[in-house]
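One structure is given here, and the rest of the page talks about it.
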Amino acid sequence: MSVKSDRWIRKMASEHGMIEPFEPGQIKEVNGERVVSFGTSSYGYDIRCSGEFKIFTNINSTIVDPKNFDSDSFVDFQGDVCIIPPNSFALARTVEYFRIPRDVLTICLGKSTYARCGIIVNVTPFEPEWEGFVTLEFSNTTPLPAKIYANEGVAQVIFFQADADDVCETSYSDRGGKYQGQSGVTLPRI
C-alpha cells in the first residue's frame, strides 16, 4: 500500500470523477480574502465544509444512543459561519462528493488551524468503493463558543492505494454499506 501524491489525485479526479467539485491547486485566498486553505496539497486533498450544519443541543434532555438516535438532539442551521457552543458538537457535510476506487482507502485528519483552536474534526475512513458527501464531526473542546467557516478547508484526506495483487475482496459497495451515497448531513444508522 502506498500514499498517493498530488499528480495521482489530479489524475483520479479528472479521469474518474473521484472528487467533485475538484480544486487542482491549493487555494488560500478567495475574492481577495484569506481563507482556511482547501484543494490539492502535496500528498492529500483539503476538503471544505458546506453551509449545512446540525448543532448538538440539550434542550430535550435526551440520552445520546447510537443504536436509537434521537434526531431532536440537533438543531438544523444553514449559513456561512456556524457557532458551536462551548464543550459541544456539530455535524456538517463536505462541499465535495467522493467516489473512492476499489483499491483505495483514505484517512482524514483535521487541519491544524482548527486543532490549534481546540476544534477537533473527526471523519471516519472512506472505504473502497464508498461514495457520497462526507459527514464531518466537529467537537469544540474549549469553554468558549467556536466558529466553523463554510466553504473553507477543515480537514485533509490522505489516499492509500493497495498493491495490484492486494486489492480488497469485499468493498463497501459489495456489502451494501449503510452510508453509501449519502447526500446530506447523515445521522447515525444501525
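Numbering-wise, the working numbering puts 1042 at position 60 of the sequence shown, and it's gapless, one number per residue.
Backbone N, C-alpha and C define an ideal beta-carbon position, used for all residues, glycine too.
In this structure, the CA atom of Lys1036 is about 5 Å from the CA atom of Leu1073. For Glu997, the three-state secondary structure derived from DSSP is helix. Rounded to whole angstroms, the Cβ separation of Glu1109 and Tyr1154 is 4 Å, and the two are in contact under 8 Å. A residue is called buried when at least 16 other Cβ atoms come within 10 angstroms of its Cβ; Ser1024 does not meet this threshold and is exposed.
In this structure, Gly1135 sits near Asp1028, with a CB-CB distance shorter than 8 Å. For the pair of segments examined, the stretch 1122 to 1142 was found to touch the stretch 1087 to 1096: the number of CB pairs separated by less than 8 Å reaches three. With a contact defined as Cβ atoms closer than 8 Å, Glu1015 and Tyr1079 miss out at about 25 Å.
Taking a C-beta distance under 8 Å as the contact criterion, Thr1076 and Val1116 qualify as a contact pair.
Around the CB of Ser1165, fewer than 16 other CB atoms lie within 10 Å, so the residue is classed as exposed.
Take Pro1127, set aside five residues on each side of it, and the residues of its chain with a beta-carbon closer than 8 Å to its own are Ile1065, Ile1066, Pro1067 and Pro1068, in chain order. Pairing Tyr1131 with Gly1033, the inter-Cα distance amounts to about 8 Å. When Val1103, Val1017, Tyr1161 and Val985 are compared, the shortest CA-CA separation from Trp1112 is found for Tyr1161. In this structure, DSSP gives Ile991 a helical state, which the three-state scheme calls helix. Distance from the CA atom of Phe1071 to the CA atom of Asp988, rounded to whole angstroms, is 32 Å. Under a 10 Å Cβ-count criterion, Ala1146 is classified as exposed, with fewer than 16 other Cβ atoms of the shown protein chains found around its own Cβ.
With respect to the 8 Å criterion, Leu1087 and Phe1142 are classified as neighbours on the basis of their beta carbons. Asp1058 and Ile1172 have their C-alpha atoms some 22 Å from each other.
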